[in-house]
Amino acid sequence: MQVIKPKITFFIPNLDTPIPISFISEGIKAGFPSPAADFEELKLSLDHLLIKNKEATFYAKASGTSMIGAGIDDGDILVIDRSLEPRNNAIAICFIDGEFTVKRIKKENGEVFLMPENPNYKPIKMEPENELVIWGIVTYAIKQMK
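Written out as structure tokens, the structure reads:
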């Protein structure tokens, strides 16, 4: 089993100068193309779409492959909301024993586990000697298509 410690780099969103981009509100068909050439083009700021609480939201760049089963790949940008309460099955940025990691929270029979989404990694069982802080909840993963 491969053990690699992921590194997470944090960024603060710049909400002072949102960039509105064109947005097709009707949706784009992934099947047969629509013959309709006329559509209403709106403007949308991704900051306003992705960020619900600007004072408590951060971006982070994911590193590693432990969460690929949840759709988080190496290099993805994570949107993290620190105002959300940790809950069972949420994907969270966790600060454990002095290191950051991104894992799914699992509460079971009074025990807490930090679950990877890759079978090559082991779950982390929280023990009384562990220092765990749930730093924030991941609300979105932004990725580049391959």
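Just remember that my numbering sits 119 ahead of the position in the sequence shown, which is counted from 1.
Here a beta-carbon is modelled for each residue, glycine too, at the ideal position from N, C-alpha and C.
Model, not experiment: these values are computed from the prediction.
Residue i, enclosing beta strand (DSSP E) - first and last residue
{"i": "Thr176", "result": "Thr176 to Lys180"}
DSSP-derived helix/strand/coil call for residue i
{"i": "Ala156", "result": "Residue confidence is low: Ala156 scores 47 on pLDDT, short of 50, so the model does not pin down where it sits. No coordinate-derived value is stated."}
{"i": "Met264", "result": "coil"}
Unbroken alpha helix (DSSP H) run spanning residue i, endpoints
{"i": "Asp166", "result": "Leu165 to Leu169"}
Assumed close pair residue i, residue j - CB separation to whole angstroms, cut-off 8 Å
{"i": "Ile261", "j": "Asp166", "result": "About 12 Å separates the two Cβ atoms, so there is no contact after all."}
{"i": "Leu197", "j": "Ala181", "result": "6 Å"}
{"i": "Tyr240", "j": "Leu169", "result": "Between Leu169 and Tyr240 the Cβ distance is about 27 Å, and since that is not below 8 Å, they are no contact."}
{"i": "Gly191", "j": "Ile215", "result": "According to the sequence displayed, residue 191 carries Ile and not Gly. Contact flag wrong, Cβ pair sits at about 17 Å."}
What are the complete beta strand (DSSP E) segments, minimum 3 residues, inside the segment 192-260? The qualifying runs are 196-200, 210-215, 218-227 and 230-234.
When the Cβ atoms of the segment 197-217 are set against those of the segment 252-261, are three or more pairs found closer than 8 Å? Contact between the segment 197-217 and the segment 252-261 is present, because at least three Cβ pairs lie under 8 Å.
Would you call the segment 177-192 and the segment 216-226 touching, i.e. three or more CB-CB distances under 8 Å? Judged by pairs of C-beta atoms under 8 Å, the segment 177-192 touches the segment 216-226, as three or more such pairs exist.
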